[in-house]
Amino acid sequence: LKQYITSSRDETLLATAKEQGKKYTGSTSSTTAALGHFHFLLSQWRPINTGALSQSFPVEFNTFTTLQRGPSAIFLRWRDGTYAIDADKEFDTANILSMLGKSMEKLLTLPPEDFEKYRKENSNQISEEERNEAEAFNYTAIGDFLLRSQLDAHDPRLPGTGMFDLKTRAVVSIRMDTKEYEQGMGYEIRGRHGEYESFEREYYDMIRAAFLKYSLQVRMGRMDGIFVAFHNTQRIFGFQYISLSEMDYALHGTEDTTIGDSEFKLSLELLNRVLDKATAKYPEKSLRLHFETRGDETPFMYIFAEPMEEEQIQAIQESNKAAVLEFEQNVLGMTTKTDEEILEEKKNAEWDSLRTKVEEKALSTEQADATTETSEAASPKVDVLAMTLTIRNKINGEYIERPVDLHKDDKWTVEYALAEIPQAERASLLYEATKRRRFQALSNAKKETPWNNHFMENLRKLSIKGREWREGQNKIDEAEGPPKVLEVNYAPPPPVKKD
7 LKQYITSSRD ETLLATAKEQ GKKYTGSTSS TTAALGHFHF LLSQWRPINT GALSQSFPVE
67 FNTFTTLQRG PSAIFLRWRD GTYAIDADKE FDTANILSML GKSMEKLLTL PPEDFEKYRK
127 ENSNQISEEE RNEAEAFNYT AIGDFLLRSQ LDAHDPRLPG TGMFDLKTRA VVSIRMDTKE
187 YEQGMGYEIR GRHGEYESFE REYYDMIRAA FLKYSLQVRM GRMDGIFVAF HNTQRIFGFQ
247 YISLSEMDYA LHGTEDTTIG DSEFKLSLEL LNRVLDKATA KYPEKSLRLH FETRGDETPF
307 MYIFAEPMEE EQIQAIQESN KAAVLEFEQN VLGMTTKTDE EILEEKKNAE WDSLRTKVEE
367 KALSTEQADA TTETSEAASP KVDVLAMTLT IRNKINGEYI ERPVDLHKDD KWTVEYALAE
427 IPQAERASLL YEATKRRRFQ ALSNAKKETP WNNHFMENLR KLSIKGREWR EGQNKIDEAE
487 GPPKVLEVNY APPPPVKKD
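Right, dumping it as structure tokens:
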């Protein structure tokens, strides 16, 4: 399977940007997290809309997840006349889902006989032409940006370009503990509705954690929607097609895509201004940028731009490379470990966990005893451009909190103030605080809190129960004989002849 090519290493993307006179290049995967914070700002923390769920579903939160709301980071890498946006991988970890996603895309888009060639024992059947076949991309130009979007699938029955995105979505028990995914593999989707073991549960979680990213990717690729495959890493439970208008209903409160389309353009325009200010401060330099929308009654965004050498960026991007590679080799069965090695790793993991708890306790005690200024002053000062971004929404000339039920004949304009924080010491302290909050957001789900412990314990019980149910169901299926398969070859209807 082909490795992902980042924007900064995509020679075709960089060359096309130069030809088109574009200053910034990026991809759907590298830009959506940062653009998500512009949604929070422009929508003034609009709550999610759960109207598509059944009335009996217990909606516990009407906000995005902690991870979604946490600070995001990108690298803006100088590439001989243009800048390429790469996702910041400092806290990336290896997990089964990223690996499985690649192979499942092949499973969903190739005939069975072609997919079988990708098994390890059959890899010699793949021709050089197939190995080197270029991926299909859409390129979207807007403002100073040229954005790349991978094309997954096409159906002539869909409106517009007919393109749609493939998404493989693991069930909640797998997503909540990807490191110990085996413990959640028994979890089953057994019905449409319900708090657990239902498609509705997965849909609710997607609204809070994934729809914002998915909708931005669909807009970048000029696609119609997404085709989701729900699975537990062992079994695919079903599929669901979700259009862009359906995602907009959950995010913006309306199936009319006008708000989402306008917000997407405004977000890129504001990001364009932010990057222009940062690159003017540090011309022809590679930068690390952090974005964080904060505030409740009056939301605003912190933006930090730190100049970095390529060697520094590479060190950050590859900080977890060895662990990721080891995980992939273990999962793929490319290495074998003795029982003694496995036991030793388990002991080391237990000690690491204990040390982490002690360090967290010590850190929290220190922070409680010391003032914020004293504790943060210990951080080394860095050269950083710190900015705040505030906005005011206007619809048809009138100030409003956020757009609601916007239509194509309405005019949405945004007044904004992008101000630099002049005090170097304060800028450095705020920057360090944002980086800490990013780390905390990324590690929050793993913390042992009473709520987390109860939630995970319940998921494991459901996994055990689901595994037992599946074993019984398999016996019933075996007694009934092989499943009946209906094959349908779709052909578009002939054009209607006009008299």
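So the number in the working numbering is just where the residue sits in the sequence shown, counting from 1, plus 6. C-beta atoms are modelled at their ideal positions from N, C-alpha and C, and glycine is treated no differently. Treat the numbers as computed from the prediction; the structure is a model and nothing was measured.
Neighbour-count burial assignment, residue i, 16 or more Cβ in a 10 Å radius
{"i": "L391", "result": "buried"}
{"i": "P409", "result": "buried"}
{"i": "T18", "result": "exposed"}
{"i": "G266", "result": "buried"}
{"i": "E365", "result": "At E365, the pLDDT of 47 sits below 50, so the modelled position is not reliable and the matter cannot be decided from this model."}
{"i": "L468", "result": "buried"}
{"i": "Y506", "result": "One cannot answer for residue 506 here, as it falls past the ends of the chain, which runs 7 to 505."}
{"i": "A170", "result": "According to the sequence as given, residue 170 is Phe; it is not Ala. Buried: at least 16 other Cβ atoms inside 10 Å."}
{"i": "V65", "result": "exposed"}
{"i": "Y247", "result": "exposed"}
{"i": "Y193", "result": "buried"}
{"i": "H43", "result": "buried"}
{"i": "G166", "result": "exposed"}
{"i": "I470", "result": "exposed"}
{"i": "G259", "result": "buried"}
{"i": "I91", "result": "buried"}
{"i": "E438", "result": "buried"}
{"i": "T12", "result": "buried"}
{"i": "A328", "result": "exposed"}
{"i": "L492", "result": "exposed"}
{"i": "L412", "result": "buried"}
{"i": "Q61", "result": "exposed"}
{"i": "Q223", "result": "buried"}
{"i": "E474", "result": "exposed"}
{"i": "F245", "result": "exposed"}
{"i": "R175", "result": "buried"}
Beta-bridge partners of residue i, as assigned by DSSP
{"i": "E426", "result": "M393"}
{"i": "N399", "result": "I406 and V420"}
{"i": "L152", "result": "T31 and A147"}
{"i": "Q246", "result": "V234"}
{"i": "Y89", "result": "Y30 and W84"}
{"i": "A58", "result": "Partner(s): none; A58 has no beta bridge."}
{"i": "A176", "result": "H237"}
{"i": "R294", "result": "F81 and E312"}
{"i": "G197", "result": "S204"}
{"i": "M307", "result": "T299 and L395"}
{"i": "A514", "result": "Limits of the chain in this structure are 7 at one end and 505 at the other, which puts residue 514 out of reach."}
Residue i versus residue j: straight-line alpha-carbon distance, rounded
{"i": "S204", "j": "T69", "result": "21 Å"}
{"i": "D120", "j": "L272", "result": "43 Å"}
{"i": "N458", "j": "M182", "result": "10 Å"}
{"i": "E404", "j": "K283", "result": "29 Å"}
{"i": "A21", "j": "R52", "result": "39 Å"}
{"i": "E139", "j": "V337", "result": "26 Å"}
{"i": "N278", "j": "G149", "result": "7 Å"}
{"i": "E206", "j": "H199", "result": "5 Å"}
{"i": "L157", "j": "P456", "result": "43 Å"}
{"i": "L257", "j": "I54", "result": "5 Å"}
{"i": "A215", "j": "L153", "result": "23 Å"}
{"i": "H45", "j": "P77", "result": "13 Å"}
{"i": "D161", "j": "T440", "result": "43 Å"}
{"i": "D16", "j": "G301", "result": "37 Å"}
{"i": "M212", "j": "L116", "result": "26 Å"}
{"i": "Y10", "j": "A485", "result": "44 Å"}
{"i": "A433", "j": "Y288", "result": "16 Å"}
{"i": "Y524", "j": "A321", "result": "With the chain running from 7 to 505 in the structure shown, residue 524 is simply not present."}
{"i": "T419", "j": "E269", "result": "10 Å"}
{"i": "F310", "j": "R443", "result": "14 Å"}
{"i": "Q318", "j": "L114", "result": "39 Å"}
Chain-order list of residues whose beta-carbon lies under 6 Å from that of residue i (same chain, five-residue window excluded)
{"i": "V494", "result": "none"}
{"i": "K173", "result": "I232 and V234"}
{"i": "E421", "result": "R398"}
{"i": "S155", "result": "T34, N144, M226 and G227"}
{"i": "K506", "result": "Residue 506 lies beyond the range of the chain shown here (7 to 505); nothing can be said about it."}
{"i": "V177", "result": "Y193 and N238"}
{"i": "Q131", "result": "K123"}
8 Å CB neighbourhood of residue i in its chain, flanking five on each side removed
{"i": "K112", "result": "L7, F121 and Y124"}
{"i": "Q50", "result": "P305, N399, E407 and R408"}
{"i": "E261", "result": "S251, E252, D254 and Y255"}
{"i": "S129", "result": "K123"}
{"i": "T88", "result": "L20, A23, K24, K28, K29, Y30 and T31"}
Cβ neighbours of residue i in the same chain (closer than 7 Å, five flanking residues each side left out)
{"i": "Y187", "result": "I102, I180 and T239"}
{"i": "A147", "result": "Q26 and K28"}
{"i": "M105", "result": "E334 and V337"}
{"i": "S14", "result": "R83, R85, A90 and D92"}
Residue i CB to nearest heavy atom of the ligand FAD below 6 Å
{"i": "S49", "result": "For the ligand FAD, the structure offers nothing, since it holds no ligand at all."}
Any chance the region 38-45 sits against the region 288-298, with 3 or more Cβ pairs inside 8 Å?
Yes, the region 38-45 is in contact with the region 288-298.
With three or more beta-carbon pairs closer than 8 Å as the criterion, would you say the region 78-88 touches the region 220-231?
no
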